[in-house]
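S.K.: First the structure, then my questions, so here it is.
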Amino acid sequence: MLLGIFIYFVIMVSFIDTMFQLPILAPYVLSLGASSIMVGLVMGSYSLVNMLGNLGAGLIIDRYGRKIAIWGGMLAAGLAVAFYSAVVYPIQLLGLRIIHGLAGAILVPAVFTYLGDRTVKGSTGKAMGYSGAAVGLAALVGPMYAGIGKDVFGVRPVFLSIGLLLAATSILVKVFLPESHLPKDTAKGISFKEVEKLIKYPQLQMAYLAAFALTFSLGVVAYSLPITLELLGFTGRAVGMFFSVFSFVAILVFILPSNRISDYYNRFIPIGAGLIISAAAMVFLAVGNSHLNFAFGMGIYGLGFGLIFPAMNAIIIDQTEKYYRGTAFGVFYAVFSLGVFSGPLAAGVARQLGWQAFYEAAAVLMVMFALCLYLHRKAATYGWKNQ
31 MLLGIFIYFV IMVSFIDTMF QLPILAPYVL SLGASSIMVG LVMGSYSLVN
81 MLGNLGAGLI IDRYGRKIAI WGGMLAAGLA VAFYSAVVYP IQLLGLRIIH
131 GLAGAILVPA VFTYLGDRTV KGSTGKAMGY SGAAVGLAAL VGPMYAGIGK
181 DVFGVRPVFL SIGLLLAATS ILVKVFLPES HLPKDTAKGI SFKEVEKLIK
231 YPQLQMAYLA AFALTFSLGV VAYSLPITLE LLGFTGRAVG MFFSVFSFVA
281 ILVFILPSNR ISDYYNRFIP IGAGLIISAA AMVFLAVGNS HLNFAFGMGI
331 YGLGFGLIFP AMNAIIIDQT EKYYRGTAFG VFYAVFSLGV FSGPLAAGVA
381 RQLGWQAFYE AAAVLMVMFA LCLYLHRKAA TYGWKNQ
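Anchor point for the sequence shown: position 61 equals 91 in the working numbering, and the numbering is continuous, going up by one each time.
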């Protein structure tokens with residue numbers, strides 16, 4: 031019981047280092063004298079490096095074990111964030127962002143691989159739901175802490191405190207977290223057959239597409255919603271409230287019995303429903319013009335997010351064995367990072383061309399739904415495991 035709680039705490043800390051930066055990083059880069067292009071480069075460098083690092087991280091996780099990848103990645107991430115507080119020039123921050131991105135590329139797949147190793151068969155969706163709640167809590171608490179901390183103490187102490195939190199947690203992991211995958215388990219290594227499976231199996235492809243759709247749409251929302259609300263005359267407090275509605279609804283879906291839908295039926299049902307619901311949420315946000323409209327749209331989006339996240343992570347556990355599960359999660363989170371990187375970029379292009387980015391996100395979500403439906407039917411037709 032205590033170990034389980036600790037694992038979910040580690041997951042929360044693994045995400046809080048990126049979540050808390052949302053309201054403070056861009057203004058901080060500007061305060062260092064950066065140009066607009068440099069601000070974008072610093073902001074996007076984490077996701078780009080993270081995406082590339084994810085592809086190689088799985089080999090480290092499977093070869094050397096989950097524990098060393100978790101505490102090592104968390105310690106490196108913590109030191110990078112702590113040193114954010116000491117930079118003088120934007121180029122120094124860019125270098126730290128690259129280190130931070132590489133550390134996160136190892137940390138996040140490792141912690142989810144660890145959780146997958148310890149998950150009891152038949153309750154994978156439930157376990158992934160609780161992990162989603164931990165991520166949602168980081169998304170809820172992190173920006174709130176950063177905003178208040180900036181006003182009370184200043185931005186540099188906020189970076190330092192989060193960095194120290196990660197470093198301290200990494201020590202706790204090293205001391206108290208038992209290894210879930212011993213080196214002897216990796217003796218035979220991953221074969222070409224397993225690599226081929228990670229790319230070609232319909233169920234895994236469905237998880238990748240769902241991850242991309244989810245983070246692409248989230249990136250569009252993160253870029254477009256604050257701008258849209260500012261143009262409509264909403265306050266900064268209102269912007270934070272709408273994101274809090276999203277996080278709160280998602281956390282409810284993660285912890286309620288709804289987190290077991292994919293365990294009772296199959297993984298596609300919550301993924302398909304979540305993609306459709308999320309697309310509908312994008313339409314609500316596109317036409318919104320009042321507090322009620324935007325709150326409803328973000329609440330609906332939280333529902334869609336809450337349905338998709340546990341099921342798509344559970345697929346990776348269903349379809350892999352321990353000795354190459356880290357590699358699978360590395361590929362999965364590379365696609366995850368690709369969505370984080372491309373969503374805001376696509377939204378920026380849409381805004382430049384005078385298009386509505388929310389409609390763009392809705393279209394991507396529906397295309398991903400159609401592809402996931404095809405893959406689900408393909409898996410059933412050819413007899414692949416259809417959890």
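Cβ coordinates follow ideal geometry from the N, Cα and C atoms, glycine included.
Exposed or buried, what is Ser426 when buried is set at 16 or more other beta-carbons lying within 10 Å of its beta-carbon?
M.R.: Because the chain is modelled from 31 through 417, residue 426 falls outside the range shown and cannot be assessed.
S.K.: Which runs of the alpha helix (DSSP H) fall wholly inside the region 46–116 and span at least 4 residues, in chain order?
M.R.: Counting only runs of 4 or more, we get 55–61, 66–94, 96–114.
S.K.: By how many angstroms is the C-alpha of Tyr404 removed from the C-alpha of Ser75?
M.R.: For the purposes of this step, residue 75 is identified with residue 45 of the sequence shown, where counting begins at 1. For the purposes of this step, residue 404 is identified with residue 374 of the sequence shown, where counting begins at 1. Cα to Cα, Ser75 sits roughly 34 Å from Tyr404.
S.K.: Any idea what DSSP makes of Thr216, helix, strand or coil?
M.R.: As a first step, residue 216 must be located in the sequence shown, where it is residue number 186. Since pLDDT at Thr216 reaches only 49, below the 50 mark, its modelled position is unreliable, and the value read off the structure follows with that caveat. Helix at Thr216.
S.K.: Do the region 56–64 and the region 139–151 make contact, defined as three or more Cβ pairs closer than 8 Å?
M.R.: With the cut-off at 8 Å, the region 56–64 and the region 139–151 do not touch.
S.K.: Where does Met31 sit, in a helix, a strand or coil, going by DSSP?
M.R.: In the sequence shown, counting from the first residue as 1, residue 31 sits at position 1. Coil.
S.K.: For Leu368 and Met49, I'd like the C-alpha separation in whole angstroms.
M.R.: Here residue 368 refers to the residue found at position 338 of the sequence shown. Here residue 49 refers to the residue found at position 19 of the sequence shown. Spanning the two alpha carbons is a distance of roughly 17 Å.
S.K.: Gly384 lies in the alpha helix (DSSP H); which residues open and close that run?
M.R.: Numbered from its first residue, the sequence shown carries residue 384 at position 354. Taken as a continuous stretch (DSSP letters only), Gly384 belongs to no alpha helix (DSSP H), as it is neither H nor E.
S.K.: Quick check on Ala217: buried or exposed, where buried means 16 or more other Cβ atoms within 10 Å of its Cβ?
M.R.: Here residue 217 is taken as the residue at index 187 of the sequence shown, counted from 1. At Ala217, the pLDDT of 46 sits below 50, so the modelled position is not reliable; the number obtained from the coordinates is stated separately. It is exposed - the Cβ of Ala217 has fewer than 16 other Cβ atoms within 10 Å.
S.K.: Measuring alpha carbon to alpha carbon, tell me which residue in Ser372, Ala240, Val165 is nearest Ile346.
M.R.: For the purposes of this step, residue 346 is taken as the residue at position 316 of the sequence shown. It is Ala240 whose Cα lies nearest to the Cα of Ile346.
S.K.: So does the region 101–115 actually touch the region 157–171, counting three or more Cβ pairs closer than 8 Å?
M.R.: The region 101–115 vs the region 157–171: no contact.
S.K.: From Met81 to Pro53, what distance separates their C-alpha atoms?
M.R.: As a position in the sequence shown, residue 81 is number 51, starting the count at 1. As a position in the sequence shown, residue 53 is number 23, starting the count at 1. Their Cα atoms are separated by approximately 22 Å.
S.K.: Do the region 255–265 and the region 333–351 meet, that is, are 3 or more Cβ pairs less than 8 Å apart?
M.R.: Output reads no: the region 333–351 does not touch the region 255–265.
S.K.: Anyone know if the C-beta pair for Arg13 and Ala341 falls short of 8 Å?
M.R.: Not covered by the structure: residue 13. The range shown for the chain is 31 to 417.
S.K.: Is the CB-CB distance between Ala99 and Gly134 below 8 Å?
M.R.: In the sequence shown, counting from the first residue as 1, residue 99 sits at position 69. In the sequence shown, counting from the first residue as 1, residue 134 sits at position 104. Taking 8 Å as the Cβ cut-off, Ala99 and Gly134 do not qualify as a contacting pair.
S.K.: Can you name the start and end residues of the alpha helix (DSSP H) that Arg127 belongs to?
M.R.: Working through the sequence shown from its first residue, we reach residue 127 at position 97. Note, Arg127: alpha helix (DSSP H), 120–148.
S.K.: Exposed or buried, which one is Asp92 when buried takes at least 16 other CB atoms within 10 Å?
M.R.: Sequence index remark: in the sequence shown, residue 92 carries index 62 (1-based). Result: buried.
S.K.: Mapping the DSSP letters down to three states, classify Gln349 as helix, strand or coil.
M.R.: Walking along the sequence shown from the start, residue 349 turns up at place 319. Residue state, collapsed to three classes: coil.
S.K.: Figure out for me which residue from Val43, Leu375, Arg381, Gly249 has the closest Cα to the Cα of Ser191.
M.R.: The residue labelled residue 191 in the question sits at position 161 within the sequence shown. It is Val43.
S.K.: Does the Cβ of Ala393 have 16 or more other Cβ atoms within 10 Å, making it buried, or fewer, making it exposed?
M.R.: Against the sequence shown, residue 393 aligns to sequence position 363. Exposed, because fewer than 16 other Cβ atoms sit within 10 Å of the Cβ of Ala393.
S.K.: How long is the line joining the alpha carbons of Met312 and Pro232, rounded to whole angstroms?
M.R.: One-based indexing of the sequence shown puts residue 312 at position 282. One-based indexing of the sequence shown puts residue 232 at position 202. Approximately 27 Å between the Cα atoms of the pair.
S.K.: Tell me which residues share the same chain as Lys204 and place their Cβ nearer than 8 Å to its Cβ, disregarding the 5 neighbours each side in the sequence.
M.R.: Translated into positions along the sequence shown, residue 204 becomes position 174. Closer than 8 Å at the Cβ level, and outside the excluded window around Lys204, lie Lys97, Trp101.
S.K.: Measure the alpha-carbon distance for Gly378 versus Ser200 and round it to whole angstroms.
M.R.: Numbered from its first residue, the sequence shown carries residue 378 at position 348. Numbered from its first residue, the sequence shown carries residue 200 at position 170. If I take the Cα positions, the gap works out to 37 Å.
S.K.: Could you name the residues of the same chain whose beta carbon sits closer than 8 Å to that of Leu194, not counting the 5 residues immediately before and after it, in chain order?
M.R.: Here residue 194 refers to the residue found at position 164 when the sequence shown is read from its first residue. Counting only Cβ-Cβ distances below 8 Å, and skipping sequence neighbours, we find Gly108, Ala112.
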